[in-house]
Every structure is written in C-alpha cells, then in structure tokens.
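No gaps in the numbering here: position 59 of the sequence shown is 59 in our numbering, and each next residue is one more. Using N, Cα and C, we set each Cβ at its ideal position, and we do this for glycine too. On a predicted model such as this, the values are computed, not experimentally measured, just so you know.
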Amino acid sequence: MYQVEIIHYQQPLPVLMKPHLGPYSGIAAAFAALRTLLQQHAAGPQTLRAFGQYLDDPATVAPQTLRAAACLTPPPVLRLSEEELGAMGFVHGELAAGRYASIVHQGPYQGLAEGWNWLLQEWLPASGEQFGLRPLLDEALNAPFNTPPALLRTRLLLPLA
Numbered sequence: 001m002y003q004v005e006i007i008h009y010q011q012p013l014p015v016l017m018k019p020h021l022g023p024y025s026g027i028a029a030a031f032a033a034l035r036t037l038l039q040q041h042a043a044g045p046q047t048l049r050a051f052g053q054y055l056d057d058p059a060t061v062a063p064q065t066l067r068a069a070a071c072l073t074p075p076p077v078l079r080l081s082e083e084e085l086g087a088m089g090f091v092h093g094e095l096a097a098g099r100y101a102s103i104v105h106q107g108p109y110q111g112l113a114e115g116w117n118w119l120l121q122e123w124l125p126a127s128g129e130q131f132g133l134r135p136l137l138d139e140a141l142n143a144p145f146n147t148p149p150a151l152l153r154t155r156l157l158l159p160l161a
C-alpha cells in the first residue's frame, strides 16, 4: 500500500512552534497563525519546512486535551523579540533527531489517519522495529494554500527506537 523509507535525522531540527490543544483536526488554525506571523514579520527568502508534531495518542487521550504543535523551520530574519513571540503564543523548540519510518500520503489531510493506522497497526508489528519514544511528526511537502487537496503530499514520520 505504501512505500516505507527509514530516515535518520542526525541532528535535532530547530523550529518555531505554535502549540495546539484540542482535536488534531483543528491544528490548521495554528498553521494559519504561523503563516500570518511570517507574512507580517519575516524577511528574507522563505524556503521553510512545515511540520506537525503530535504528542498524545488519540485512542487514549480525550480529544479536547490532545497536545500538538504546528512547526516551521525559522525564517532567516524575524522582526520580533522573544518576548513578543511568546506574547503571541509562539515558542522556539526542536524536532528530535533519530530514526523514523516514513511514508508519503497524497491527498486531503482528512485521509492522514489511514496512513497513520497502516504504519502503526500493519507495518510496525510486521517490521521487527520498535516504536521510539518521541512524538509523531508529519511534514507538508507542498502547501495547502496553493495546491488542490487531491495533490497535497504529506510525509508521515513514525519514530523508531
């Protein structure tokens, strides 16, 4: 069904984060806040990477208390102080280094659960790999504001031990 690639990130990846609390399907608002921040306060070339970081298991945590973060690699110039960023609800963080099983999902974001279920319920048990104790990640490989939903490409990153 999917082609799995094992990716090894050697170094943590610095990111600018907008935390999200609630159903994972609502993380789009946090990404919109990051996009607005960049449009209003960033300068320089913006070839940035966008990630979702998911901290809780929706099968065991109530939807209203699920924790996630919308993440972007930082722009070269951001015309705000750390205090101003914090007051707006943004924090600096990093995505963990390590090994990840990766698949690419093509289609609307509403279909991502199918890819996650396949990775976690089918591929992982049959792979001989062990789940790593790091958050699940996804990386947007193109942008929803200029790509039709059927052509969206998202890399799902399952942490491995």
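Own chain partners of residue i with C-beta closer than 6 Å, once the 5 adjacent residues on each side are dropped
i      : result
Glu129 : Leu160
His8   : Arg99
Outcome for residue i when other beta-carbon atoms lying within 10 angstroms are tallied against a minimum of 16
i      : result
Ala28  : exposed
Ser102 : buried
Leu21  : exposed
Val15  : buried
Gly52  : buried
Arg134 : buried
Selected residue, minimal CA-CA separation from residue i, among the options
i      : options                   : result
Leu37  : Pro12, Met17 and Tyr54    : Met17
Leu157 : Leu137, Pro148 and Ala143 : Leu137
Contacting residues, own chain, Cβ-Cβ under 7 Å from residue i (five flanking each side not counted)
i     : result
Tyr24 : Tyr54, Pro58, Leu66 and Ala68
Between the region 114-134 and the region 33-51, do at least 3 Cβ pairs fall closer than 8 Å? no
For the 8 Å Cβ check, are there 3 or more pairs between the region 146-155 and the region 103-118? yes
Below 8 Å, can you find three or more Cβ-Cβ pairs linking the region 109-119 to the region 83-97? no
Run through the region 72-139 for me and flag every whole beta strand (DSSP E) of 3 or more residues, listed as ranges in chain order. 91-95 and 98-106
For the region 5-62, list the beta strand (DSSP E) runs that are entirely contained and at least 3 residues long, ordered along the chain. 5-9, 13-21 and 50-54
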